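In what follows, a structure is listed as structure tokens, so that the remarks can point back to it.
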Amino acid sequence: MSVQEQDQDQGGDLSAGLRSLCKGEAPVPGGCLPLLPWDRFSAWLHCVCVVGFDLELGQAVEVIYPQHSKLTDKEKTSICYLSFPDSNSGCLGDTQFCFRFRQSSSRKFSLHCLLDQFDRDLPVYLKKDSAYYYGYVYFRQVQDKTLKRGYFQKSLVLISKLPYIHFFHTLLGQIAPEYFEKNEPFLEAACSDVDRWPPPVPGKTLILPIMGVLIKLRIPTCHDKPGTTQIIQSTHQMGMQISIALPTVHEVDLFRCFCPVLFHIQMLWELVLLGEPLVVMAPSPCESSETVLALVSCISPLKYCSDFRPYFTIHDSEFKEYTTRTQAPPSVILGVTNPFFAKTLQHWPHIIRIGDIKLSGEVPKQVKVKKLKNLKTLDSKPGVYTSYKPYLNRDEEIIKQLQKGVQQKRPAEAQSIILRRYFLELTQSFIIPLERYVASLMPLQKSISPLKSPPQLKQFSQEDFMKTLEKAGPQLTSRLKGDWIGLYRHFLKSVNFDGWFRPRRKEMTQKLEALHLEALCNEDLLFWSQNHTEVETVDLVLKLKNKLLQTDREHLPVNADTMEKLQMHIDSIILALPEDLQGILLKTGTT
Amino acid sequence: MALRELKVCLLGDTGVGKSSIVWRFVEDSFDPNINPTIGASFMTKTVQYQNELHKFLIWDTAGQERFRALAPMYYRGSAAAIIVYDITKEETFSTLKNWVKELRQHGPPNIVVAIAGNKCDLNDVREVMEKDAKDYADSIHAIFVETSAKNAININELFIEISRRIPLTDTNPSSSGKGFKLRRQPSVTKRSCC
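Structure follows, in structure tokens:
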């Protein structure tokens, strides 16, 4: 599809959406309830907060928009602390960063079913996590002699379930500076714009009008080929930007983030893959959050399944839980800026210290991994502090390629693409043997017998899997040598393996159910029932009805034809039964 | 055929019918009980003009005073501005003149300005004479039409005229003499902004 066509499609959609909003209809496919004011807003944002500094109260939420948004006191406290840089980091001027916090009470809203539907089409690493919110922050700190404190300090914060980091970063960059100039009417207008946006449907080019500018973007789907991005064009007019096209909604600038630790990227990939406790100590929340997000995304398309906090403070409600010395450090990635953490997290096995990230992308000369005991004070040198021995030998090629890029002044975007492709190939080489083995756990088609229960999936056996590696291991796609077996053994014990395997098993079980259903449909069930007792026939009808309900409930991958056929079978069997039974069976388990 | 995206904003006092004009143009419908706009609403419509497609990106701004300070975001980068007044309310015509002044001072240099005297179906209660408005529009080289969003009078014509006055290519906007050259008006006394 060409750029133009996509563009026009969307224009049409947008006005259709507006039309139906005004007429109070539900314009979106599968909409379970009619749309109410703020429903469209809720599909993108939970709320917008303004956090300021009160001389007596300290950080305080000054404004919440829309006013009816629900936040618990605990959540408000988290937002307050997480929306300001820690006191020691200077951050004069404007700073953007992001944080993530635990939702403290469950809540539902009318669009839930709709968003769940979008969620199904998203790549795993973009699916939303119902227990967490993201906070996207634009913080301004400037000298202001008219204020008692001598400084103007304020944050505009977007609270959302969506992990579209780059998109929200761009959005805030567009609206926050104007907000600080124009205050409340601006916020009202901006939120009203968001409330007219089309829903975040994966795979569609969306055009989002915001305060005189259009943001064009496309949310990826699980069907996209990994590593491809779709480019859409920006429009300028009269030398001014009237639309901004985002090449990505979620990706971070990988090269810039990994630049300070370039020599260790492969080791960091292993640590993230294995879900090892990692802490990033950075000079400001901007660097801590970018680095944590880069780490989490380096194992894409695998989903990082443990908790991660791009910016974590000593006030966080999970502070005690995560820093306790009575247990081993948890499987989380934390980004911190407060020097206090250098002491609190001294016992952590892997610590990344970064200095200021330079835009020029200067590569540090330091190659060696540092010993943990050297990290005691906040003035410790940048680097990776760990005693971890990587399983795989280091790939010198990628380091050389990136260093050459720096010398040749290759643009940062190009460096990031190279790095992203490198990580993608590494992750794919690692995961393909697992995919292949797990696919072999599926019973053979011929073992499915329509009138017996569907066969079970074979158990995952670590030893069987290891045996497959000899012939079909990562050596087929990766030239990297090292202890792959050791890496797999470690991985199979990790949260990330569990998080990868569980949905896969569920998917395969559903596939089996679907195949079984198809086999049932192709059977002459009426003939079968004529050769069996009434009791057995009634039992069959009830089972079939149950199947139909289950298919609907669990969204089994069955086509409509099969469903229709099965319903016809049921109806014809019932009709062949005595009348009294017919009445009872037609009433039970209405499909 | 080339597709051009043209940002257009509507400015003017509250209640003069800015949203109704856009609705008539985009949807060809009219609702007498429309709610006041918050901030601005956005709609698009693509029309053919000669051998080009013009996709109008229409920012319909709120007329209410509290949103006044937001206007620059909508006329920034605009190829055209439609300033609307209500022919039955004299004071809305004064507001229009203030908008022209603001555009002169802060708007894009080659912006095409169109003046729409809306509600021309209410001739009985007219307060602004067509000739006065036309003379004023001519004096600033602006497009002028009297419109009725309710009776669909002159709405499409308004946008066709805008298409006609838009400079031929984005890359060389000064080559066409049809633009509205606010900065070159001899009567304008230069004021520094802010």
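One line per chain: the protein sequences are A and B, in this order.
The numbers in full-length UniProt numbering rise by one with no breaks, and the one at position 112 of the first sequence is 112.
The numbers in full-length UniProt numbering rise by one with no breaks, and the one at position 53 of the second sequence is 53.
Quick reminder that beta carbons are idealized off the backbone N, C-alpha and C, glycines included.
On a predicted model such as this, the values are computed, not experimentally measured, just so you know.
Residues that residue i contacts on chain B, provided the C-beta gap is smaller than 7 Å
i        : result
A/Phe186 : Leu70
A/Ala43  : What A/Ala43 touches in chain B: nothing, since even the nearest Cβ is about 17 Å away.
A/Glu513 : Ordered by position in chain B, no residue passes the 7 Å Cβ test against A/Glu513, which lies about 45 Å from the chain.
A/Pro209 : Phe42
A/Asp193 : Gly39
Residue i, buried or exposed, once every other Cβ within 10 Å from all chains shown has been counted against 16
i        : result
B/Phe94  : The sequence as given places Ser at residue 94 of chain B; Phe does not occur at that position. By the neighbour-count rule (16 or more Cβ atoms within 10 Å), B/Ser94 is not buried but exposed.
B/Gly117 : buried
A/Glu579 : exposed
B/Pro186 : Residue confidence is low: B/Pro186 scores 40 on pLDDT, short of 50, so the model does not pin down where it sits. Its coordinate-derived value is still stated next. That one is exposed.
B/Asn151 : exposed
A/Cys32  : In this prediction, A/Cys32 has a pLDDT of 49, which is less than 50 and means its spatial position is unreliable; what the coordinates show is noted afterwards. Looking at its Cβ environment, which holds fewer than 16 other Cβ atoms inside 10 Å, A/Cys32 is exposed.
A/Pro247 : exposed
A/Arg218 : buried
A/Asn496 : buried
B/Ser19  : buried
B/Thr63  : Here the sequence assigns Gly to residue 63 of chain B, which means Thr is not the residue at that position. Looking at its Cβ environment, which holds 16 or more other Cβ atoms inside 10 Å, B/Gly63 is buried.
Chain A contact residues for residue i, given Cβ-Cβ distances below 7 Å
i       : result
B/Tyr74 : Gly212
B/Gly63 : Within chain A, no residue comes near B/Gly63; the closest Cβ sits about 13 Å away, beyond 7 Å.
B/Ser94 : None at all; the shortest Cβ gap to chain A is about 23 Å.
B/Ser41 : Arg196
B/Leu11 : Within chain A, no residue comes near B/Leu11; the closest Cβ sits about 12 Å away, beyond 7 Å.
B/Trp59 : Gly212
8 Å Cβ cut-off: residues of chain B touching residue i
i        : result
A/Lys182 : Ala69 and Leu70
A/Asp39  : Near A/Asp39 there are no residues of chain B at all, since even the closest Cβ is about 16 Å away, more than 8 Å.
C-beta contact flag for residue i and residue j at 9 Å
i        : j        : result
B/Thr14  : B/Pro32  : no
B/Ile115 : B/Ile160 : no
A/Val142 : A/Leu156 : no
A/Pro411 : A/Leu469 : no
B/Lys97  : B/Tyr49  : no
A/Pro220 : A/Val249 : yes
B/Asn154 : B/Ser163 : no
A/Lys161 : A/Val51  : no
B/Lys45  : B/Ile34  : no
A/Glu290 : A/Phe97  : yes
A/Glu518 : A/Ser529 : no
A/Trp269 : A/Phe41  : no
B/Ala81  : B/Val113 : yes
A/Ser331 : A/Asp307 : yes
A/Val272 : A/Leu293 : no
A/Pro503 : A/Val201 : no
A/Ile299 : A/Phe423 : yes
Chain B residues whose Cβ lies nearer than 9 Å to that of residue i
i        : result
A/Pro199 : Under the 9 Å cutoff, chain B gives no residues; its nearest Cβ is about 16 Å from A/Pro199.
A/Ala190 : Gly39
A/Pro66  : Under the 9 Å cutoff, chain B gives no residues; its nearest Cβ is about 12 Å from A/Pro66.
A/Asp483 : Within 9 Å Cβ-Cβ: nothing; A/Asp483 doesn't reach chain B, min ~56 Å.
Counterpart residues of residue i in DSSP-defined beta bridges
i        : result
A/Arg353 : A/Met281 and A/Gly383
B/Trp59  : B/Cys9 and B/Phe42
A/Leu208 : A/Ile215
A/Cys257 : For A/Cys257, which the question treats as bridged, DSSP gives no partner whatsoever.
A/Gln59  : A/Phe53
A/Arg100 : A/Tyr134
A/Asp307 : A/Val332
B/His141 : According to DSSP, B/His141 bridges with nothing at all.
B/Glu146 : B/Gly117
B/Ala2   : B/Glu52
A/Cys47  : A/Ile159
A/Val142 : A/Phe152
A/Gly93  : A/Gln141
B/Asn82  : Per the sequence shown, the amino acid found at residue 82 of chain B is Ile instead of Asn. B/Ile82 is bridged to B/Leu10 and B/Ala114.
A/Tyr65  : A/Val48
Contacts of residue i in chain A (Cβ-Cβ under 8 Å)
i       : result
B/Gly15 : Those within 8 Å of B/Gly15 in chain A number zero; the least Cβ separation is about 18 Å.
Supposed close pair residue i, residue j - CB separation, criterion 8 Å
i        : j        : result
B/Gly77  : B/Pro108 : 7 Å
A/Met211 : A/Asp193 : 6 Å
A/Glu276 : A/His350 : 6 Å
A/Ser284 : A/Thr344 : Contact flag wrong, Cβ pair sits at about 19 Å.
A/Gly383 : A/Arg353 : 6 Å
B/Val125 : B/Gly17  : The pair is not a contact, with the Cβ atoms about 14 Å apart (cut-off 8 Å).
CB contact below 9 Å: residue i versus chain D
i        : result
A/Glu178 : The chain inventory of the structure shown lacks chain D, comprising the protein chains A and B.
Within chain A, partners of residue i - CB distance below 9 Å
i       : result
B/Arg66 : Glu184, Pro185 and Glu188
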